[in-house]
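**Student:**
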Amino acid sequence: MLSHWINNQLKFDRDLNHLLPIGTKSPDLVFAIKDGLLLCKLINSCVPETIDVRVINTFDEEIDFDSDRESVLENHTLCINSALAIGCSIKGIKPTSLIDEEEIPCIQLTWEIIKQGLLARVNLKDHPELAELTLMDKETMETLSKSTPEELIIKWFNYHLSSAGNQTKVTNFADSMKDPMLVAVLLNQLSPKRCPIEPIIHEEDPDSRNEMIVKNAERLNVKDFISTDTLNSNNEKLNLAFLANLLQIRSGIIPKTKEIKTSSLPEFGTREERSFRNWINSLGVNPKVNNLYEDLKDGVILLQVIDFVQPKTVNWKRVTMNCTNPFQKVGNCNYVVELGKQLKLKLLTTGGEDIIQGKKVMLLGYVWQLMRFHVMEILKKLKVLKGTRVDDSSMVKWGNAKVTNSGKNSSIKSFRDKSLSSGLFIIDLIYSINTRAVNYNYVSDGNSNEEKLNNARYAISLTRKLGGTVFLLPEDIIEVKDKMILTLVGELMRIDRVLKSNN
Numbered sequence: 030m031l032s033h034w035i036n037n038q039l040k041f042d043r044d045l046n047h048l049l050p051i052g053t054k055s056p057d058l059v060f061a062i063k064d065g066l067l068l069c070k071l072i073n074s075c076v077p078e079t080i081d082v083r084v085i086n087t088f089d090e091e092i093d094f095d096s097d098r099e100s101v102l103e104n105h106t107l108c109i110n111s112a113l114a115i116g117c118s119i120k121g122i123k124p125t126s127l128i129d130e131e132e133i134p135c136i137q138l139t140w141e142i143i144k145q146g147l148l149a150r151v152n153l154k155d156h157p158e159l160a161e162l163t164l165m166d167k168e169t170m171e172t173l174s175k176s177t178p179e180e181l182i183i184k185w186f187n188y189h190l191s192s193a194g195n196q197t198k199v200t201n202f203a204d205s206m207k208d209p210m211l212v213a214v215l216l217n218q219l220s221p222k223r224c225p226i227e228p229i230i231h232e233e234d235p236d237s238r239n240e241m242i243v244k245n246a247e248r249l250n251v252k253d254f255i256s257t258d259t260l261n262s263n264n265e266k267l268n269l270a271f272l273a274n275l276l277q278i279r280s281g282i283i284p285k286t287k288e289i290k291t292s293s294l295p296e297f298g299t300r301e302e303r304s305f306r307n308w309i310n311s312l313g314v315n316p317k318v319n320n321l322y323e324d325l326k327d328g329v330i331l332l333q334v335i336d337f338v339q340p341k342t343v344n345w346k347r348v349t350m351n352c353t354n355p356f357q358k359v360g361n362c363n364y365v366v367e368l369g370k371q372l373k374l375k376l377l378t379t380g381g382e383d384i385i386q387g388k389k390v391m392l393l394g395y396v397w398q399l400m401r402f403h404v405m406e407i408l409k410k411l412k413v414l415k416g417t418r419v420d421d422s423s424m425v426k427w428g429n430a431k432v433t434n435s436g437k438n439s440s441i442k443s444f445r446d447k448s449l450s451s452g453l454f455i456i457d458l459i460y461s462i463n464t465r466a467v468n469y470n471y472v473s474d475g476n477s478n479e480e481k482l483n484n485a486r487y488a489i490s491l492t493r494k495l496g497g498t499v500f501l502l503p504e505d506i507i508e509v510k511d512k513m514i515l516t517l518v519g520e521l522m523r524i525d526r527v528l529k530s531n532n
């Protein structure tokens, strides 16, 4: 099923002619992944322009996985770090797992990338017609706007079942969907003429009935993630993928209520929020964060982050993991503030109430302090600056020295230096760490916005290819967002130290 989706999405990419179409068996997909090119292209197909294709290593002749192993591993490193940056959960997956054809990591990473692409546009801003779901029992605009993409899909499915007079309530993508007739009802609701249900109802043979359901889906141009086998398999991943894909192609909702104004929706998709959210999720928190302002309100996720950036700091006996009343949330969030002071974070909040209320400035400030603390702790442990305190000033000084010693002329005064906008200093810094990494034929002076954007994209992808896990976007460099640039330079300092240790 995954192979079929990839074949359809990437069939016009000439760089993949030697790999496509991929066969239907798992080993076929695992081998196609091996050189690193396919998954990099898949990421860009799902979340456009995540990876600068100029950075991907390509091979003119038939690849030799022994002599070309280092170049292939660079591709996989780029892929994994880019996948993390778009919100994929890839705990335990390593570049060596992909080149060595380990089936489970290969399939897991492929699924995560596809899932991220399928769910990226399942929200009220891209599908304002989903506001009609407020007509369902106990559903309000507030609860709807806080829903995860998966929850929205379930609510959308139930909306159509209810509209058809079907009393069944789907609650998950596995056993709750064990009756294929539910899919038949949904397709009929989306297009009564093209997806008739009467013949299916009167068909007594289960296999023939499933074939009719699949044909109805194909009439809506939905050919992926559904087959006569999957209709009976209760496969959670395939059911989720099928429904997400179907919703994108045809939501089947004609608004009856006043059209929703997307500007009135809660703001949880800003660049800063998205970067912080993806960083938190990359740490392996449970549950995964969908809305930074809502999902941190009980303090549990923040305490997990604190325990990650400074292990053994949290006394979990003091934490209520499943809060059932406001007092427990207050206790958790007050503890979050207490530990923040213990870590000497510069806090904008003095009480847990600010976290519980989801105050944006307070929460963003707290998460940024944790992110900064994490960067600094890594650099301290690696002893990147021997005998020197790690702070903004010493990081800038280190960067300038590295660039100068490499023979380049760029320099900065701080992480707010407007010259950073061109992207040249970051690229020169990467060159100073690994001269082989940068091809200056791809680098421009950064005089126009387009040139700046190209340089910034190049710099970020180069960092990820070298092993950096960074969550900023090219616009953060162009607009000189000092916080995000600090995290980028911090990762480059870590990479430099690791490369020196390995040599």
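Per the numbering used here, the sequence shown starts with residue 30, numbered consecutively.
Note that CB positions come from ideal geometry on N, CA and C, so glycine has one too.
1) Is the stretch 158-169 in contact with the stretch 134-145, if contact means three or more CB pairs nearer than 8 Å?
2) What is the DSSP secondary structure of K198, reduced to helix, strand or coil?
3) Where does E480 sit, in a helix, a strand or coil, going by DSSP?
4) Skipping 5 residues on each side, what residues in its chain have a beta carbon closer than 7 Å to that of M350?
5) From Q145 to D204, what does the alpha carbon distance come to, in whole angstroms?
6) Counting only the same chain and skipping the five closest in sequence on each side, list residues whose C-beta sits under 6 Å from that of N110.
7) Using the three-state DSSP reduction, which class does A488 fall into: helix, strand or coil?
8) Which runs of the alpha helix (DSSP H) spanning at least 4 residues fall entirely within the stretch 171-227, listed in chain order?
9) Could you check which residue in P284, N195, I35 has the C-alpha nearest to that of D253?
10) Using CA coordinates, which residue listed in T299, I335, P284 is at the minimum distance from I309?
11) Where do the ends of the alpha helix (DSSP H) carrying N73 lie?
12) Helix, strand or coil for L312 per DSSP?
13) Could you tell me which of Y487, Y460, D95, T417 sits nearest to D81, measuring between CA atoms?
14) Is C352 closer than 8 Å to N344 when the C-beta atoms are compared?
15) Can L453 and G475 be called in contact, C-beta distance under 8 Å?
16) For a test of the three-state rule: what should DSSP assign to Q386, helix, strand or coil?
17) Just how far apart, CA to CA, sit M522 and V413?
18) Let's test the definition: count the other Cβ atoms within 10 Å of the Cβ of R223 and tell me whether it reaches 16, buried, or not, exposed.
19) Note the first and the last residue of the continuous alpha helix (DSSP H) segment covering N110.
20) Which residue's Cα is closest to the Cα of S191: D166, P178, G52?
21) To the nearest angstrom, report how far apart S256 and D236 are at their CA atoms.
22) Within this structure, are the beta carbons of V509 and L449 separated by less than 8 Å?
23) Between which residues of its own chain and V199 is the CB-CB distance below 8 Å, once the five residues before and five after are set aside?
24) To the nearest angstrom, report how far apart K175 and L321 are at their CA atoms.
25) S435: which of N274, L68, Y460, V59 sits nearest, CA to CA?
26) Write down the C-beta distance between V540 and L181 rounded to the nearest angstrom, noting that I regard them as a contact closer than 8 Å.
27) Taking the continuous alpha helix (DSSP H) assigned at S33, which residues delimit it?
28) Does the distance from the C-beta atom of V432 to that of L458 stay below 8 Å?
29) List the endpoints of the continuous alpha helix (DSSP H) containing W140.
30) Could you give the first and the last residue of the continuous alpha helix (DSSP H) run that contains A61?
**Tutor:** Taking the geometry as given:
1) With a cut-off of 8 Å, the stretch 134-145 and the stretch 158-169 do not count as touching, because too few Cβ pairs lie within range.
2) Locating residue 198 in the sequence shown gives position 169, where the first residue counts as 1. Coil at K198, not helix or strand.
3) Looking up residue 480 in the sequence shown gives position 451. Here E480 sits in helix by DSSP.
4) For this step, residue 350 is matched to residue 321 along the sequence shown. Excluding sequence neighbours, M350 sits near V329.
5) Here residue 145 refers to the residue found at position 116 when the sequence shown is read from its first residue. Here residue 204 refers to the residue found at position 175 when the sequence shown is read from its first residue. Distance between the alpha carbons of Q145 and D204: 23 Å.
6) Mapped onto the sequence shown, residue 110 falls at position 81. Contacts found: R493, T498.
7) One-based indexing of the sequence shown puts residue 488 at position 459. A488 falls in the helix class under three-state DSSP.
8) List check, alpha helix (DSSP H) in window: 178-192, 210-219.
9) Your numbering for residue 253 matches position 224 in the sequence shown. If we check each option's Cα against that of D253, I35 comes out closest.
10) Within the sequence shown, numbered from 1, the residue matching residue 309 stands at position 280. Minimum Cα distance to I309 is reached at I335.
11) Taking the sequence shown and counting its residues from 1, the one referred to as residue 73 is at position 44. Residues 66-75.
12) For the purposes of this step, residue 312 is identified with residue 283 of the sequence shown, where counting begins at 1. In this structure, L312 counts as coil in the three-state DSSP scheme.
13) Within the sequence shown, the letter at position 52 stands for residue 81. When each option's Cα is compared against that of D81, the closest is Y487.
14) One-based indexing of the sequence shown puts residue 344 at position 315. One-based indexing of the sequence shown puts residue 352 at position 323. Cβ atoms of N344 and C352: not closer than 8 Å.
15) If you number the sequence shown from 1, residue 453 lands on position 424. If you number the sequence shown from 1, residue 475 lands on position 446. For L453 and G475, yes; Cβs fall inside 8 Å.
16) The sequence position of residue 386 within the sequence shown is 357, counting from 1. Q386: coil per DSSP, three-state reduction.
17) Within the sequence shown, numbered from 1, the residue matching residue 522 stands at position 493. Within the sequence shown, numbered from 1, the residue matching residue 413 stands at position 384. Roughly 7 Å separates the two Cα atoms.
18) Within the sequence shown, numbered from 1, the residue matching residue 223 stands at position 194. It counts as exposed.
19) Taking the first residue of the sequence shown as position 1, residue 110 is located at position 81. 98-114 is the extent of the alpha helix (DSSP H) around N110.
20) Here residue 191 refers to the residue found at position 162 when the sequence shown is read from its first residue. Per the C-alpha coordinates, the member of D166, P178, G52 positioned closest to S191 is D166.
21) The residue labelled residue 256 in the question sits at position 227 within the sequence shown. The residue labelled residue 236 in the question sits at position 207 within the sequence shown. When rounded, the distance between both Cα atoms is 11 Å.
22) In the sequence shown, counting from the first residue as 1, residue 509 sits at position 480. In the sequence shown, counting from the first residue as 1, residue 449 sits at position 420. Yes, the pair counts as a contact, with Cβ atoms nearer than the cut-off.
23) Here residue 199 corresponds to residue number 170 of the sequence shown, with the count starting at 1. Result list for V199: I183, F186, N187, L190, S205, M206, L211, in chain order.
24) Along the sequence shown, one-based indexing puts residue 175 at 146. Along the sequence shown, one-based indexing puts residue 321 at 292. So the two alpha carbons sit approximately 10 Å from each other.
25) The sequence position of residue 435 within the sequence shown is 406, counting from 1. Answer by Cα proximity: Y460.
26) An answer regarding residue 540 cannot be provided, because it is not within the stretch 30 to 532 covered by the chain.
27) Reading the sequence shown from its first residue, position 4 is the one you call residue 33. Rather than Ser, the amino acid found at residue 33 in this sequence is His. Following the DSSP letters along the chain, one finds H33 inside the alpha helix (DSSP H) bounded by residues 31-39.
28) Walking along the sequence shown from the start, residue 432 turns up at place 403. Walking along the sequence shown from the start, residue 458 turns up at place 429. Cβ atoms of V432 and L458: closer than 8 Å.
29) The residue labelled residue 140 in the question sits at position 111 within the sequence shown. Note, W140: alpha helix (DSSP H), 132-148.
30) For the purposes of this step, residue 61 is identified with residue 32 of the sequence shown, where counting begins at 1. Segment 55-62, the alpha helix (DSSP H) holding A61.
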